[in-house]
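Position one of the sequence shown corresponds to residue 324 (our numbering), numbered consecutively onward.
Below: the structure, in structure tokens.
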Amino acid sequence: MSTGFENIPNGKNDKPFLLMDPTVKVTYDINNIDGMYYMLDKRFQGCLVLPFSKAIDVKKGGTVQVNGNDAYYFIKSLANAGGVFMLGIDVMSYLTDYDQKVDILVADFYDTDGNKMEEKRFDVTAESSNLPTQEQQLSEQEQTALKSAEEGIVLLKNDNQVLPLKDDEILNVFGTAFHKFRTSTVGAGKINPRFTINFKDGISNYSNFALNTQISDLYKFGKELLPDQGLVKKAKELSDIGIVVLSRASGENFDNSTRKGEYYLTDDEKNLLKFVSDNFTKSILILNVGYPIDMSFIKQCNIDGIIYSGYGGMFAGQALVEILDGRVTPSARLPFTWAFDYTDYPASKNFYNSVGKNIPLGADDNHLWVNTHYEEDIYVGYRYFQTFNKSVAFPFGYGLSYTAFEQKVTEFKHDEKDISVTVKVKNNGLSDGKEVVQFYVKKQIENIKEVPAIELVDFLKTDLLKVGEEQVLQTDVPLKQLAVFDEKKSQYVVDSGKYLFYIGKNVEQCQLVGEVDVTKPIIVKTVEHLMQPNQKIERLSKNDLEGTYPKGLKSGINKGATGIEPRGKRKNYSFKFDKASSAKRILFPDIVKDLTKSQAFVSQFNLEELARIVICGSHGWGMEGIGEAGRVYKLDGYDFPKFIVSDGNSGININEKNIGLPSSVSISASFSKALTEKVGRAIGLEARKHDVQLILAPAFNIQRNPLNGRNPEYFSEDPFLSGTMAGYYCKGLESTGVGGCYKHFIANNAEAARKRNQSIISERALRDIYIKNFEIALSVHQPKSVMTAYNSVNGVETSADPELLIGILRKELGFDGFIMTDWSTDSEVDFIRILAAGNNWITPGSNDSTYTDKVIAAVKDGRLSIEMLQNSALYIIKNVAKIIKSERSNEAV
Ligand code: BGC
């Protein structure tokens, strides 16, 4: 995802000034506090960002006032965007309500030649609310956005049944996060919704609650203050409810760190929590965060209720008040483990954490190479905590309800192919609600020693069950799903031994339901050894926890490195292309009518045309049209269609307003395949409305470490949950005739130096964790495209690794869509090597001959075969044609 600052003219004016169009009203969106520029620097959060036209003398500084008061400002020089200087002015601390207006003064800045800037005065207005009226009919997409927001909120703690609250209570709400309530992640997963119902709107427009503004107004100015005694006394007289909201931003380009205010709570936040829990008989914490932050505080202060609201999209505030007043019974479950402390996660030892001596490392800052050794191996998430009996704040799959469900197994049976479990779920409580049944297996197997204590094999969710109502759910788990990768034999094998099956409320609270004996190992698949690490990896083992617990000695900045250490042995694949001839010139509409003509269509292409089609035809990134990420080049003379691709995990990431769904981690928390499919469908329907042909989603890398900036954009720490959700999402998306894209293949697990970050992973962990989720997603639904990751794995960039792309993705997993790079991967990797490895589309490319000339030269000097290009073109063309065909016929792709 780009920020758009790449194209700002610079240095062309005599006098430095702020680049502002005087005719345009300057506005600020109070629901978009992180904005796009958070991707450049976290300090831009809550800022109005304006570029200067010249290089500014930053040391000298200048004056920035908001409403006559000196305000926080911040200047960033963007070296990689041609030296643009940007001024960020903190407006968030002044603009917390719709339509509010402030007056800004910018003066006394100098350019680097010593010229003084003319004074500038202007108004900034908070955008209006646009909230729908109660009578307004919600579209199908909006109904899905609301449902998924409701089903994505996890109730973590509910002591003394503090929740739900009576619906006409007065709420004392504490914390600055109340005024900077987050509804989305930053970067590719960002939303641009037509309206946003934030928490405040939720209270005032979608509930009967009243707000004690004397308390909440205290937090408008960015400080976690403790109210004075007088105010507290009054607040307590009004109501015994104290709600604290904590928030954390997260998104593309930067990882989070363990700094206070990021993973850890600030001292002020801790004091506030303690204060509220000490003073109010009903204390509730709302975690408006994108990743699991520190939870050790729950041991110190006794908060009665904890809600993980995540980033809930355009209906976040409405869904939250519906949960608070009990109109909706919470039914979400944690798709990750919430540990007490960061250091509890074994992956914490091998993750670039920018604290102490570690400099902050954005995606493209500095030219540093980073190694990340996956020493925790297969023990990711609950696989570690359960196997090594480590206690956690809230286990994987955890989530409370306002009602009580009974889960009763009525049948357990198995044959050579499947294990089937039937469960009767009854609502025995006092309110209507939905229940999740989780199915787990414990493998007591004989030959393969390293195996997690427990693994999720399926999950099902009931419909809304009325009090006393019951529903029967049934799962059929294929026996071969129990296979593990035997590294020595390079085989997926269902090992001999006992398999114990459980149903669970969460990974810790499980009940044995039956067992299956496998007397002889069953070989499911024998594969080639591929992507083997180029160096020895220390690996966590059950046999020796202390000796093998990750130490992180080899991870971090690889000092002095100018690249990755290449994998020694590497397989290459050659390509053939059987030219098909046709008596008559074939045009694009002909193949849309008859897809079998695709081969003959591509056979007509000359070298220039082949080179053109494998390069995405965008000038810049998000700079054209509706601000899309890219477009397939419209080849002359073939009656080619317009073909636009855009980001869109949770909403179409373009300049035009559209839908805003919760971030993927909250979608996943619904534990509902059906709802996730609807979410994909909602995205597809919106894409159709905005004439976008392919959406670059779902993103579903494994949540290996809570600090990964993109965690909220991904589904889970568990490959089964992650892959299943991605599959259903994409099925829904493609049911609308819009193409989908599985990304980022594979192991895009950190943003720090993401294009120069090498993951070093055992073959076993690769196949049982990091490729597994893609394998599962592909088994649920085959998308039209796959995007490679920025990072390298075991000595080869994922974008240019033939073993990964051909050996695994094409040959083993049978993928027939087209493969594309992540955007501007080629700033670090020679794109000719990328194409030669079987990657089909270079993005964002360009719409002139910058790239195509090089492709032609590479074919001429033998670095790239023409067959390779023809194959790539065919993959692109046939999938584009399929999408256009279904777009025109209104059918699923
Ligand atoms: C992100 C991708 C995204 C692409 C296009 C990249 O920076 O990593 O997820 O699809 O930009 O915007």
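Backbone N, C-alpha and C fix where the C-beta goes; we use that ideal spot for every residue, glycine too.
Check: Between T581 and the rest of its own chain, which residues show a CB-CB distance below 8 Å, the 5 nearest in sequence each way excluded?; Outcome: Y587, Y665, N676, V678, L1030
Check: Near I1092, which residues of its chain fall below 7 Å by C-beta distance, leaving aside the five closest residues on each side in sequence?; Outcome: I701, V703, I1025, P1042
Check: Going by the beta-carbon positions, is the gap between S507 and G636 smaller than 8 Å?; Outcome: yes
Check: Out of curiosity, what's the CA-to-CA distance linking Q794 and G752?; Outcome: 15 Å
Check: Just mark A906 as buried or exposed, buried being the case when its beta carbon has 16 or more other beta carbons within 10 Å.; Outcome: exposed
Check: Tell me whether G584 is buried or exposed, calling it buried when 16 or more other Cβ atoms sit within 10 Å of its Cβ.; Outcome: exposed
Check: Of all the beta strand (DSSP E) runs that stay within the bounds of the region 811-881, which reach a length of 3 or more residues?; Outcome: 814-817, 820-827, 833-841, 845-849
Check: Is the closest heavy atom of the ligand BGC to the C-beta of K1066 under 7 Å?; Outcome: yes
Check: Look at the alpha carbon of A449 and the alpha carbon of L596, and state the distance between them as a whole number of angstroms.; Outcome: 30 Å
Check: Can you list, in chain order, the stretches of the beta strand (DSSP E) that have 3 or more residues and sit fully within the region 1078-1133?; Outcome: 1080-1083, 1108-1111
Check: If you drop the 5 nearest sequence neighbours on each side, which residues of the same chain put their C-beta closer than 7 Å to that of N333?; Outcome: Here the model assigns N333 a pLDDT of 47, short of 50, so the residue's position is not dependable, and the following value carries that caveat. So the qualifying residues of the chain are S376, G405, G406, V407.
Check: Helix or strand or just coil, what does DSSP make of C1053?; Outcome: helix
Check: Measuring from the CB of W1164, is there a heavy atom of the ligand BGC at a distance below 7 Å?; Outcome: no
Check: Please report how far the alpha carbon of A1181 lies from the alpha carbon of Q797, in whole angstroms.; Outcome: 56 Å
Check: Taking 8 Å as the threshold, find out whether the region 1070-1090 comes into contact with the region 1046-1057 through three or more Cβ pairs.; Outcome: no
Check: Which same chain residues end up closer than 7 Å to Y634 when comparing Cβ atoms and leaving out the 5 residues on each side of it in sequence?; Outcome: R505, T506, S507, T508, G613, P985, S986, S989, P1035
Check: What separation, rounded to the nearest whole angstrom, lies between the Cα atoms of A1049 and D601?; Outcome: 43 Å
Check: Beta-carbon within less than 8 Å of D913's beta-carbon, same chain only, minus the 5 sequence neighbours each way: which residues are those?; Outcome: K920, F924
Check: Measuring alpha carbon to alpha carbon, tell me which residue in E932, R935, K902 is nearest Q922.; Outcome: K902
Check: I'd like the list of long-range same chain contacts for V1178, defined as Cβ closer than 6 Å, with 5 residues on each side in sequence excluded.; Outcome: A934
Check: Who are the Cβ neighbours of G649 in its own chain at under 8 Å, not counting the five residues just before and after it?; Outcome: L486, P487, L488, D490, Y725, S754
Check: Any heavy atom of the ligand ADP inside 7 Å of the beta-carbon of E729?; Outcome: Looking for the ligand ADP in the displayed structure turns up nothing; the ligands present are the ligand BGC.
Check: So what's Y631 in DSSP terms, helix, strand or just coil?; Outcome: strand
Check: So for E758, helix, strand or coil by DSSP?; Outcome: coil
Check: From V760 to Q730, what does the alpha carbon distance come to, in whole angstroms?; Outcome: 8 Å
Check: Give the DSSP-derived three-state secondary structure of G1168 in the structure shown.; Outcome: strand
Check: Quick one: give me the first and last residue of the beta strand (DSSP E) that F1068 is part of.; Outcome: 1064-1068
Check: A1215: beta carbon under 7 Å from a heavy atom of the ligand BGC?; Outcome: no
Check: Just to check, is the beta-carbon of D688 closer than 7 Å to a non-hydrogen atom of the ligand BGC?; Outcome: no
Check: Which residue from F532, Y542, G628, A511 puts its Cα closest to that of S573?; Outcome: A511
Check: As a quick exercise: from K443, T419, D563, Y529, pick the residue whose alpha carbon is nearest that of Q457.; Outcome: Y529
Check: Which residues in the same chain as N336 place their Cβ atom closer than 6 Å to its Cβ, once the five residues preceding and following it in sequence are excluded?; Outcome: In this predicted model, N336 has a pLDDT of only 49, less than 50, meaning its place in the structure is not dependable; the value taken from the coordinates is given anyway. The residues are S376.
Check: Alpha carbons only, please: which of K757, P844, V780 is nearest the one belonging to I771?; Outcome: P844
Check: Excluding the five sequence neighbours on either side, which residues of its own chain have a C-beta within less than 7 Å of the C-beta of D781, listed in chain order?; Outcome: F762, T798, V800
Check: Just reading off the beta strand (DSSP E) that Y961 is part of, what are its end residues?; Outcome: Counting along the chain, Y961 falls outside any beta strand (DSSP E), and DSSP gives it neither H nor E.
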